[in-house]
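A.B. asks:
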Amino acid sequence: MATNGLRKRQRSGSCSRLSSTVAVIDSTYPDETITETSQKLRRTSSSSTFTTTSPPLPPPIASGFNDPSNADVILRLYIDNSLFEWDSDCFDSSDQSSEVQIYVHSSALRRAKYFSAVLSDRWTKDDSDKLHKLNLSVTPSTGSIYTHLTVIRLLYTDDFSDVIDSASAALSILPVALKLLFEDCIKQCVRFLEAVPWSEEEEQRILNLIPFLEEDESKQLLARVSPMKSDSSEEMLHSLILSAIHNHPNVAAVKGFVARLLRDFSSRDSAQIVLEKTFLKSLKVVKESLEEYSSPDFRGDHNETEAIQRLNLHTALTNGKQLLWLVERMIELRVADTAVNEWSEQASFAADLQRTFRDDAWRNIVPGLPAVVLKCTCKLANAVASGTILAACPVRKKLVKYWLPVLIVCKDNSSPVLPNHKPILPSPKSLYLELEEAFLRIISTLPMNDAQELLQQCLSFSTRDAEGCPHLITAFNTWFRRANWSSHPHDS
Numbered sequence: 239m240a241t242n243g244l245r246k247r248q249r250s251g252s253c254s255r256l257s258s259t260v261a262v263i264d265s266t267y268p269d270e271t272i273t274e275t276s277q278k279l280r281r282t283s284s285s286s287t288f289t290t291t292s293p294p295l296p297p298p299i300a301s302g303f304n305d306p307s308n309a310d311v312i313l314r315l316y317i318d319n320s321l322f323e324w325d326s327d328c329f330d331s332s333d334q335s336s337e338v339q340i341y342v343h344s345s346a347l348r349r350a351k352y353f354s355a356v357l358s359d360r361w362t363k364d365d366s367d368k369l370h371k372l373n374l375s376v377t378p379s380t381g382s383i384y385t386h387l388t389v390i391r392l393l394y395t396d397d398f399s400d401v402i403d404s405a406s407a408a409l410s411i412l413p414v415a416l417k418l419l420f421e422d423c424i425k426q427c428v429r430f431l432e433a434v435p436w437s438e439e440e441e442q443r444i445l446n447l448i449p450f451l452e453e454d455e456s457k458q459l460l461a462r463v464s465p466m467k468s469d470s471s472e473e474m475l476h477s478l479i480l481s482a483i484h485n486h487p488n489v490a491a492v493k494g495f496v497a498r499l500l501r502d503f504s505s506r507d508s509a510q511i512v513l514e515k516t517f518l519k520s521l522k523v524v525k526e527s528l529e530e531y532s533s534p535d536f537r538g539d540h541n542e543t544e545a546i547q548r549l550n551l552h553t554a555l556t557n558g559k560q561l562l563w564l565v566e567r568m569i570e571l572r573v574a575d576t577a578v579n580e581w582s583e584q585a586s587f588a589a590d591l592q593r594t595f596r597d598d599a600w601r602n603i604v605p606g607l608p609a610v611v612l613k614c615t616c617k618l619a620n621a622v623a624s625g626t627i628l629a630a631c632p633v634r635k636k637l638v639k640y641w642l643p644v645l646i647v648c649k650d651n652s653s654p655v656l657p658n659h660k661p662i663l664p665s666p667k668s669l670y671l672e673l674e675e676a677f678l679r680i681i682s683t684l685p686m687n688d689a690q691e692l693l694q695q696c697l698s699f700s701t702r703d704a705e706g707c708p709h710l711i712t713a714f715n716t717w718f719r720r721a722n723w724s725s726h727p728h729d730s
């Protein structure tokens with residue numbers, strides 16, 4: 239007779255406390271039967287098809303395992319299919335007599351509390367010369383009998399290292415050791431698993447077994463897969479992003495690696511929270527640096543003031559590059575809504591940039607600053623124009639209204655040519671053109687009055703050859719077509 243289902247094993251040796259995990263022996267039968275009452279521990283087998291061919295027996299040990307000369311117990315291991323629900327297609331019904339009979343010793347079996355508790359009354363009787371016959375049913379899974387034999391053989395030794403030598407071996411042995419309450423074997427399996435790496439499949443098997451371990455045994459295993467804080471993932475992502483954008487020796491490679499992690503990260507919400515947090519911090523630094531540069535304090539020493547101004551520009555450029563990388567990641571993950579909204583609210587920042595770029599001082603210090611700022615703007619504007627980011631109408635209007643003047647100033651001041659000198663900085667015409675087109679596409683989404691106001695500011699996009707600015711011609715033609723349609727809606 240067997241109880242249904244396994245519960246967490248009891249550590250006491252008394253029969254009464256072990257009654258939930260061991261079977262009851264019916265003394266009316268000539269051979270005592272120990273029925274496995276193990277919970278259906280899901281363990282991955284090496285083969286998808288189960289066959290009942292008899293497993294090879296481990297070699298006998300003199301005066302020990304499977305030595306019939308002085309054994310006092312004959313243990314029969316067999317597969318009892320009635321205890322389990324499983325797919326009959328995975329079982330070879332041509333042979334259902336798989337079983338193994340071995341000779342063992344009561345002195346060794348006592349190491350397992352399962353045997354000790356169930357048969358304790360048998361050992362106290364004065365029948366030491368009697369050869370006991372026990373039956374032990376096992377799980378119908380590939381290698382199950384052999385695994386039981388392996389664990390029973392370990393009852394004869396204190397050195398488990400030759401057997402428990404891999405995570406796979408420990409995971410095969412541990413469920414049987416738990417069933418038999420073989421404490422020394424359980425501890426060795428847990429100790430081994432705690433110290434070695436796991437594959438993803440092995441990790442899942444360990445998680446399935448943890449409920450059957452004592453708290454002190456499972457603590458270290460759980461520590462590997464259960465973070466102490468609920469926001470550990472976000473904290474880790476934030477640290478990685480900071481490492482990628484702040485002075486890492488191999489910046490390009492690290493940025494590429496972190497970008498890959500962000501793309502593959504399972505929680506887009508967590509990635510969004512971390513990217514937004516870092517974006518706002520970098521934006522704040524750039525804004526403050528440009529504000530201090532555009533409104534310097536001249537009360538101190540001139541050389542000191544100049545050094546501070548240089549530092550402000552370099553700080554703005556460095557953090558601007560970080561900002562651009564963050565914007566690219568946010569657009570890539572489609573979480574740039576906050577970035578677009580924030581960028582559209584930067585009237586003061588845009589004004590500081592215009593004052594900075596009208597001055598000549600920045601040219602020899604940070605010649606790449608305008609391109610970095612415009613690239614950020616262009617990335618966000620393209621995301622809005624293409625519908626990657628669905629921005630509200632007021633946001634779209636302000637994005638163009640505040641950043642169009644910055645583009646115009648950059649175009650007017652990017653390539654000064656002094657007499658007998660080459661241009662200080664080549665004009666990034668492709669970037670200007672891309673941003674112009676993005677702004678014009680956004681303008682086409684605005685109400686007619688707003689579009690009229692902003693289009694008039696775009697005349698600087700024109701060239702001497704009208705054919706050289708088709709994007710501007712198309713934008714004005716679109717506006718006039720709509721204006722005429724509004725005036726004569728019923729005309730064909």
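Position in the sequence shown counted from 1, then plus 238, gives you my numbering.
For glycine and all other residues, C-beta sits at the position ideal for the given N, C-alpha and C.
#1: Pull up the CB-CB distance for G682 and A713, whole angstroms please, since I reckon it's below 8 Å.
#2: Just the C-alpha distance for P605 and A433, rounded to the nearest angstrom, thanks.
#3: Within the same chain, show all residues whose beta-carbon is closer than 8 Å to that of E674, passing over the 5 residues directly before and after it, in chain order.
#4: Between K525 and R567, what straight-line distance do the alpha-carbon atoms span, to the nearest angstrom?
#5: Please report the distance separating the alpha-carbon of S276 from that of E421.
#6: Out of I317, A509, L392, S336, point me to the one whose CA is closest to H343's CA.
#7: Can you tell me whether S399 is buried or exposed, with buried defined as 16 or more other CB within 10 angstroms of its CB?
#8: Report all residues from its chain with a CB closer than 7 Å to the CB of R596; omit the five preceding and five following residues, and keep chain order.
#9: Hey, quick one: how far does the beta strand (DSSP E) through H375 stretch, first residue to last?
#10: Identify whether Y394 lies in helix, strand or coil by the three-state DSSP scheme.
#11: Whole angstroms is fine: what's the gap from F353's alpha carbon to T385's?
#12: Excluding sequence positions up to five away, which residues of its chain have a Cβ less than 6 Å from the Cβ of N715?
#13: In the structure shown, what three-state DSSP assignment does I317 receive?
#14: Would you call the CB atoms of I448 and C427 closer than 7 Å?
#15: With DSSP as the reference, please indicate the residues paired to V401 in a beta bridge.
#16: First and last residue of the alpha helix (DSSP H) that includes E439?
#17: Using a 10 Å radius around the Cβ and a threshold of 16 neighbouring Cβ atoms, would you call P685 buried or exposed?
#18: Quick one: residues in its chain with C-beta nearer than 8 Å to the C-beta of K660, no 5 flanking neighbours on either side, listed in chain order?
#19: Determine the DSSP secondary structure at Q458, reduced to helix, strand or coil.
#20: Can you look up E675 in the DSSP assignment and give me helix, strand or coil?
#21: Alpha carbon to alpha carbon, how far is A491 from T615? Give it in angstroms, no decimals.
#22: Can you give the Cα-Cα distance for Q334 and V414, rounded to whole angstroms?
#23: Could you name the residues of the same chain whose beta carbon sits closer than 7 Å to that of F587, not counting the 5 residues immediately before and after it, in chain order?
#24: Taking the alpha-carbon positions, what's the Q510 to S336 distance?
#25: Whole-angstrom Cβ separation of W563 and K515, contact assumed at under 8 Å?
#26: Which whole-angstrom value describes the C-beta separation of Y394 and A346, a residue pair presumed to lie in contact below a C-beta threshold of 8 Å?
#27: When the Cα atoms are used, what is the spatial distance from S265 to K371?
#28: Can you tell me where the alpha helix (DSSP H) holding V604 begins and where it ends?
#29: In chain order, what residues of the same chain lie with their CB nearer than 7 Å to the CB of D575, ignoring the 5 residues before and after it?
#30: Please name the residue, chosen from L521, L478, V311, that lies closest to L500 on a Cα-to-Cα basis.
#31: Counting along the chain, where does the alpha helix (DSSP H) carrying V434 start and finish?
#32: Could you tell me which of W600, K617, I569, L521 sits nearest to E545, measuring between CA atoms?
#33: Measuring only the C-alpha atoms, how far is P632 from V578?
C.D. replies: So, from the data block:
#1: Here residue 682 refers to the residue found at position 444 when the sequence shown is read from its first residue. Here residue 713 refers to the residue found at position 475 when the sequence shown is read from its first residue. Note that residue 682 corresponds to Ser in the displayed sequence, not to Gly. S682 to A713, Cβ: 7 Å. Contact.
#2: As a position in the sequence shown, residue 605 is number 367, starting the count at 1. As a position in the sequence shown, residue 433 is number 195, starting the count at 1. In a straight line, the C-alpha of P605 is about 54 Å away from that of A433.
#3: For the purposes of this step, residue 674 is taken as the residue at position 436 of the sequence shown. So the qualifying residues of the chain are L645, C696, F699, H709, L710.
#4: Residue mapping note: residue 525 aligns to position 287 of the sequence shown, counting from 1. Residue mapping note: residue 567 aligns to position 329 of the sequence shown, counting from 1. Roughly 21 Å between the two C-alpha positions.
#5: Mapped onto the sequence shown, residue 276 falls at position 38. Mapped onto the sequence shown, residue 421 falls at position 183. A caution first: S276 carries a pLDDT of 37, below 50, which makes its placement in the model unreliable, though a value can still be read off. C-alpha separation (whole angstroms): 16 Å.
#6: By one-based count along the sequence shown, residue 343 stands at place 105. Answer by Cα proximity: L392.
#7: Here residue 399 refers to the residue found at position 161 of the sequence shown. Result: exposed.
#8: If you number the sequence shown from 1, residue 596 lands on position 358. Only V647, N651 meet the Cβ criterion.
#9: Here residue 375 refers to the residue found at position 137 when the sequence shown is read from its first residue. The residue you asked about is not His; residue 375 is Ser in the sequence shown. Taken as a continuous stretch (DSSP letters only), the beta strand (DSSP E) holding S375 covers 370-376.
#10: Looking up residue 394 in the sequence shown gives position 156. The answer is coil: DSSP assigns Y394 none of H, G, I, E or B.
#11: Counted from its first residue, the sequence shown places residue 353 at position 115. Counted from its first residue, the sequence shown places residue 385 at position 147. For F353 and T385, the distance between alpha carbons rounds to 17 Å.
#12: Taking the sequence shown and counting its residues from 1, the one referred to as residue 715 is at position 477. So the list is empty, once near-sequence residues are dropped.
#13: Residue 317 sits at position 79 when you count from the first residue of the sequence shown. Reduced to three states, the DSSP call for I317 is strand.
#14: The residue given as residue 448 occupies position 210 in the sequence shown. The residue given as residue 427 occupies position 189 in the sequence shown. No, the Cβ-Cβ distance between I448 and C427 is not below 7 Å.
#15: Looking up residue 401 in the sequence shown gives position 163. Paired residues: none, contrary to the question.
#16: If you number the sequence shown from 1, residue 439 lands on position 201. Its alpha helix (DSSP H) spans residues 438-447.
#17: Residue numbering aside, residue 685 sits at position 447 when the sequence shown is read from its first letter. Label assigned to P685: exposed.
#18: Stepping through the sequence shown from its first residue, residue 660 is reached at position 422. Note that K660 has pLDDT 44, beneath the 50 cutoff, so the model's placement of it is unreliable and the number below is only indicative. The answer is none, since no qualifying residue turns up.
#19: Here residue 458 refers to the residue found at position 220 of the sequence shown. Helix at Q458.
#20: In the sequence shown, the residue the question calls residue 675 occupies position 437. If DSSP states are grouped into helix, strand and coil, E675 belongs with the helices.
#21: The count along the sequence shown starts at 1 and reaches residue 615 at position 377. The count along the sequence shown starts at 1 and reaches residue 491 at position 253. About 25 Å.
#22: Numbered from 1 along the sequence shown, position 96 holds the residue referred to as residue 334. Numbered from 1 along the sequence shown, position 176 holds the residue referred to as residue 414. Residue confidence for Q334 is low, a pLDDT of 42 falling below 50, so the modelled location carries little weight; the figure read from the coordinates is stated next. Those two C-alpha atoms are separated by around 22 Å.
#23: For the purposes of this step, residue 587 is taken as the residue at position 349 of the sequence shown. Excluding positions up to five away in sequence, the list reads K525, L528.
#24: Residue 510 sits at position 272 when you count from the first residue of the sequence shown. Residue 336 sits at position 98 when you count from the first residue of the sequence shown. Whole-angstrom Cα-Cα distance: 57 Å.
#25: Start at 1 with the first residue of the sequence shown, and residue 563 comes out as number 325. Start at 1 with the first residue of the sequence shown, and residue 515 comes out as number 277. Contact doesn't hold; Cβ gap of about 15 Å is too wide.
#26: Translated into the one-based positions of the sequence shown, residue 394 becomes position 156. Translated into the one-based positions of the sequence shown, residue 346 becomes position 108. Going by Cβ atoms, the distance from Y394 to A346 rounds to 5 Å, so yes, they are a contact pair.
#27: Mapped onto the sequence shown, residue 265 falls at position 27. Mapped onto the sequence shown, residue 371 falls at position 133. Unreliable placement is indicated for S265, whose pLDDT of 31 sits below 50; no coordinate value is reported for it.
#28: Counted from its first residue, the sequence shown places residue 604 at position 366. Element bounds for V604: n/a, residue is neither H nor E.
#29: Here residue 575 refers to the residue found at position 337 when the sequence shown is read from its first residue. Taken in chain order, the residues that qualify are I627.
#30: Mapped onto the sequence shown, residue 500 falls at position 262. The shortest C-alpha separation from L500 is found at L478.
#31: By one-based count along the sequence shown, residue 434 stands at place 196. Careful: V434 lies outside any alpha helix (DSSP H) and carries neither H nor E.
#32: Here the question's residue 545 lines up with position 307 in the sequence shown. Residue 545 is actually Ala in this sequence, not Glu. Among W600, K617, I569, L521, the Cα nearest to that of A545 is on W600.
#33: Here residue 632 is taken as the residue at index 394 of the sequence shown, counted from 1. Here residue 578 is taken as the residue at index 340 of the sequence shown, counted from 1. Approximately 12 Å, taken between the alpha carbons.
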